[in-house]
Amino acid sequence: MWADGAGGRLGWLTVLVLVVDSSTPAVTAALVEVTADGVALRAYRCTIDARAHGELLAPQIEAVLTDVDARPGDLGAIVAGLGPGPFTGLRVGLVTAATMGQVLGIPTYGVCSLDGIAHPTTPTTTADASPGHAVSGKAEASSATAGPATAGDGTAGQATAGDGTAGQVGAGGATVGWSTAGERRVLVAADARRKEVYWAVYDGDGQRIVGPEVDAPAVAAARARELAVTVAAGDGAHRYADVLGLPLRAEPRYPDAVALVTLAAARIRAGAPGETLTPLYLRRPDAVAATSRKSVLP
Amino acid sequence: MADEPLILGIETSCDETGVGIVRGHTLLADALASSVDEHARFGGVVPEVASRAHLEAIVPTMDRALREAGVTIADIDAIAVTSGPGLAGALLVGVAAAKGYALAAEKPVYGVNHLAAHVAVDTLEHGPLPAPAIAMLVSGGHSSLLLVDDLARGVTPLGATIDDAAGEAFDKVARLLGLPFPGGPYIDREARSGDPASIAFPRGLTAAKDLAAHRYDFSFSGLKTAVARWVEGRRRSGEPVPVADVAASFQEAVCDVLTGKALAACRAHGVDTLVIGGGVAANSRLRSMAEQRAQRYGIRVRVPRPGLCTDNGAMVAALGSHLVAAGVRPSRLDLPADSALPLTTVSV
Ligand SMILES: [Zn+2]
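Keeping their order, the protein sequence lines are chains A and B. Note that the working numbering numbers the first sequence so that position 263 is 621, with each residue one more than the last. Note that the working numbering numbers the second sequence so that position 233 is 357, with each residue one more than the last.
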């Protein structure tokens, strides 16, 4: 859509983008504004609960729309994290994005969720200055300047984000990111359950060079050593820090909403055709028929 | 009729992705995508395979339904979706889809009970249900007898299978006989040329002592075992297995128990209408036997056409239409998928 820019100059392309990611325990919905030269967070909801993606996502989308006084018809595009991630939760985000895109007649773009952890951008959770920024009471309200953040419900007992890792990757300021990382290669890992991780390796510019794949943490660690990786990121990396033996980035632990949109921004600005959102499953279905169909219906 | 609400229904509880559209009791569209072929080689529904298929099918199936009905989503008054019971991962795709449609189109959403929807679908063919009625739902996942007073408020379970579902027994016996999955239609076809009285298979939970505790319950596990033993005995002695006779005798035993108990429930509750739904309701012997027996007692049997007996979106839309007409309030956007949703909950 074309809108009057802040300076009254016509011709500034401004697209209000809905971004959803449900590939990890962090159920995320955000509104991000894409302009000709920038990407700005408008509203954000994130709740950490590995078992309630289906319940949480739609109300969060409604909430971010309410936050900025927008209606669904104001959306110009939808960006969704394609995973990899545990299947059931992952599908919630993708089917939500696909159905909304269908009704609204707007393009949907998929981005590998691990890329949203690796991308050199300021983590969304530190972007407090953005207008309309909102974190629900249950949200992962971490901020690089606000001290250790507590993860939301459902993750009690896990390390608090930002705790004990400050200094390792310059997590002390709002500019935390890859700009200071130089050529450092990064392993991004998300929890794949079954004692495995979804992982990928990125170069210093945030370009994925290997992955995504799913393996035991020890396998990912060995590949990371071969690839001269020097730092790890993502909740899977935190969880298996002992096995990986790499310094950890504190944030983001989960796919970052602004990063996901930034990775799709060129397509959004170009008005590229949307794509069918195909999940990165990486695993075959367990090919065992339901032993009893008693839970299945007439 | 044009002022009756236009309701869209979404069904994904098992292996069928269904989107149906109704106006009042009038069926406008019933689009279906099935993953049944993908499950055939496993001899049963693989939940993850079903869930993946739902995600791929939902958008195109919705497109087809809207085209078939000649409406747009903006015309829809409410969206109903099966929120349970069923396969958890499969249900979740449909529930999330319904919320996506509801959110984007700014429409109310109703999470509804799959079993109640199997009852409601008959109204599309035979008009409003008299109250009370008895409903028998028989499929690969369930065998239930229900007392239906007011579909909008809840149904009263009278009995259910205590082991295998009726359709499950059909699948297992079909496998024994070397017939494909799902077994129901193949057994039905074989049985037509067989003698239903040739083998005396057991009728589960029909003895006097069982009826005391399980008057309206079903058991098909013993029957399945009896068929397996009989077939095994034949094979061991080197004799050919008379597939048609086994199929007919097995089918006769299942239908005998189902119709016997359903009609007993009608008479005990003074009910003159029996509705039969679920995939097994497509069985030709079940339909004819139910009608023959019901006639004796002046009971009317209502069975939707086979395409509406199996899982579909139209049945969900039909129930949604009933709920909207009854003034039931919509569900909240955080409505969960509930794989074990009880029968007493018609809408969430
Ligand atoms: Zn069913």
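Glycine residues also receive a C-beta, built at the ideal position from the N, C-alpha and C atoms.
| Query | Result |
| --- | --- |
| G530 (chain A) versus V397 (chain A): straight-line alpha-carbon distance, rounded | With a pLDDT of 31 at G530 (chain A), under the threshold of 50, the modelled position of this residue cannot be trusted; read the value that follows with caution. Those two C-alpha atoms are separated by around 23 Å. |
| Inter-residue spacing [alpha-carbon to alpha-carbon] between P454 (chain B) and P232 (chain B) | 6 Å |
| Beta-carbon proximity check, T466 (chain A) vs G224 (chain B), cutoff 8 Å | no |
| Any non-hydrogen atom of ligand 1 closer than 7 Å to A463 (chain B) Cβ | The sequence shown places Ser at residue 463 (chain B), rather than the Ala named in the question. It does not: the Cβ of S463 (chain B) is nowhere closer than 7 Å to a heavy atom of ligand 1. |
| Inter-residue CB distance, I323 (chain B) and D295 (chain B) (contact presumed, cutoff 8 Å) | Incorrect: roughly 19 Å between the Cβ atoms, too far for contact. |
| Chain A within 8 Å of M186 (chain B), Cβ atoms only | yes |
| Same chain, Cβ closer than 7 Å to V426 (chain A), five either side skipped, listed in chain order | L389, R400, A401, G490 |
| Own chain partners of P466 (chain B) with C-beta closer than 6 Å, once the 5 adjacent residues on each side are dropped | none |
| Cβ separation of G403 (chain B) and G291 (chain B), assumed to be a contact under 8 Å, to the nearest whole Å | 5 Å |
| Chain B contact residues for T454 (chain A), given Cβ-Cβ distances below 9 Å | A220, A221, K223, G224, L227 |
| Beta-bridge pairing of P173 (chain B) - partner residues as DSSP gives them | The sequence given here has Val at residue 173 (chain B), not Pro. Partner(s): none; V173 (chain B) has no beta bridge. |
| Any alpha helix (DSSP H) of 4 or more consecutive residues that is wholly inside the stretch 301-377 of chain B | 308-315, 332-337, 345-360 |
| Per-residue DSSP class, three states only, for R642 (chain A) | coil |
| Inter-residue Cα distance where the pair is L216 (chain B) and H596 (chain A) | 29 Å |
| Cβ-heavy atom distance, H238 (chain B) to ligand 1, below 7 Å | yes |
| Exposure label - R426 (chain B); buried when at least 16 CB within 10 Å | buried |
| Nearest neighbour of T397 (chain B), chosen from B:D435, B:T247, B:A449 [CA to CA] | B:T247 |
| Beta bridge counterpart(s) of D246 (chain B) as assigned by DSSP | Answer is none; D246 (chain B) lacks a bridge partner. |
| Against chain B: residues of the stretch 599-621 of chain A by CB proximity under 9 Å | none |
| For G592 (chain A) and H477 (chain A), believed in contact at Cβ under 8 Å, the rounded distance | The Cβ separation is near 12 Å, so there is no contact. |
| Contact check, V561 (chain B) vs A259 (chain B), beta carbons under 8 Å | In the structure as shown, chain B starts at 125 and stops at 472, and residue 561 (chain B) therefore has no counterpart that could be examined. |
| CB contact below 8 Å: D458 (chain B) versus chain A | yes |
| Closer than 9 Å at the beta carbon, the chain A residues around S175 (chain B) | F445, T446, R449, P643 |
| DSSP-derived helix/strand/coil call for D236 (chain B) | Before going on, a small fix: residue 236 (chain B) reads as Val here, not Asp. Correct three-state label for V236 (chain B): strand. |
| Top-ranked residue by Cα proximity to L472 (chain A), from A:G463, A:A580, A:S380, A:T424 | A:S380 |
| Anticipated Cβ contact below 8 Å, V385 (chain A) with A622 (chain A), distance rounded | With a Cβ gap of about 19 Å, V385 (chain A) and A622 (chain A) do not count as contacting. |
| Check: D435 (chain B) C-beta below 7 Å from any heavy atom of ligand 1 | yes |
| K333 (chain B) versus P575 (chain A): straight-line alpha-carbon distance, rounded | 59 Å |
| Among B:A464, B:T434, B:D341, the one whose alpha carbon lies nearest that of G401 (chain B) | B:T434 |
| Contact test: G402 (chain B) Cβ vs ligand 1 heavy atom, cutoff 7 Å | yes |
| Any non-hydrogen atom of ligand 1 closer than 7 Å to H163 (chain B) Cβ | no |
| Helix, strand or coil at D379 (chain A) according to DSSP, with G and I counted as helix | strand |
| Spatial neighbours of G369 (chain A) in its chain, beta-carbon cut-off 6 Å, leaving aside the 5 residues before and after | Model confidence at G369 (chain A) stands at a pLDDT of 48, short of 50, so the residue's coordinates are unreliable; what they give is reported in the following sentence. Counting only Cβ-Cβ distances below 6 Å, and skipping sequence neighbours, we find nothing. |
| Buried versus exposed call for D341 (chain B) [16 or more other C-beta atoms within 10 Å across all chains shown] | buried |
| Minimum Cβ-Cβ distance from I423 (chain B) to chain A less than 8 Å | no |
| Beta carbon proximity, Q460 (chain A) to chain B, threshold 8 Å | yes |
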